[in-house]
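S.K.: Residue numbers (the numbering used here): 4 to 231.
Beta carbons: idealized from backbone N, C-alpha and C, even for Gly.
(1) How about residue 110: is its C-beta nearer than 8 Å to some C-beta of chain C?
(2) Between which two residues does the beta strand (DSSP E) harbouring residue 37 extend?
(3) So, residue 53 versus residue 170, is the Cβ gap smaller than 8 Å?
(4) With a threshold of 8 Å, are at least 3 pairs of Cβ atoms found where one atom belongs to the segment 160-178 and the other to the segment 51-68?
(5) In or out: residue 192 buried (at least 16 other Cβ within 10 Å) or exposed?
(6) Helix, strand or coil, according to DSSP, for residue 207 in the structure here?
(7) What number of angstroms, rounded off, separates the C-alpha of residue 183 from the C-alpha of residue 190?
(8) In whole angstroms, give me the CA-to-CA distance for residue 185 and residue 203.
(9) Counting beta carbon pairs with one atom in the segment 114-124 and one in the segment 142-157, are three or more of them shorter than 8 Å?
(10) With DSSP run on the structure shown, which of helix, strand or coil describes residue 192?
(11) Among residues of its own chain, excluding the 5 on either side of residue 83, which ones have a beta-carbon nearer than 6 Å to its beta-carbon?
(12) Using beta-carbon positions only, say whether residue 38 and residue 59 come within less than 8 Å of one another.
(13) Taking the continuous beta strand (DSSP E) assigned at residue 68, which residues delimit it?
(14) Whose C-alpha, out of 196, 197, 138 and 178, is nearest the C-alpha of residue 210?
(15) For residue 110, count neighbouring Cβ atoms within 10 angstroms of its own Cβ and tell me buried if that reaches 16, exposed if not.
(16) Would you give the residue range spanned by the beta strand (DSSP E) that residue 45 belongs to?
(17) Which word fits residue 114, buried or exposed, when buried means at least 16 other C-beta atoms lie within 10 angstroms of its C-beta?
Take a look at the structure:
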């Protein structure tokens, strides 16, 4: 009896939580931004991105709304005053073991030789059951600032490589040029490269070293006298 009572209580609690969640569907947060289409034309105004549907919502001055997908939009973005940063999204080709290659929107998290991008994680468990309404996935600060919602990739220009398989897909094939320097950096700054934050820091350091080498090479080239 106690076991049945416990199970029934859990079901009732979950049921009412789901009802309360559905009763308070959040409204979209509009941002002043820019949409660039594949034909290079652009729209500027109020935009809102929905991570689940992968659609950009555009609102005109007279209140009309339009939705755009990766078939139409190559990139978009807005300045996020809550984090004092311009947030850029790009349409990129993504393929996985479970699905064929397709175009999807990714947010650019770090620029550089190895750019880091992210997209919404596939929903699982309670989140998949309770948070079914797309409105829960319109971009908002609490979601955008929580890395647990997202899966991260390195864009090397040709492929998207998962940060979940950091050493096999990213570090070994792409970053061993600075292996000694990066290992020293890990030890000096006590970086845990098994965590997402540590991997992002390491990729950022790699990009800085690439940038510095390019500047050094450029300076040497400019200072070298030209032969007649």
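M.R.: So, from the data block:
(1) Looking at the structure shown, chain C is missing, and only one protein chain is on hand.
(2) 34-40
(3) no
(4) no
(5) exposed
(6) helix
(7) 11 Å
(8) 13 Å
(9) yes
(10) helix
(11) 90
(12) yes
(13) 68-71
(14) 178
(15) buried
(16) 45-53
(17) exposed
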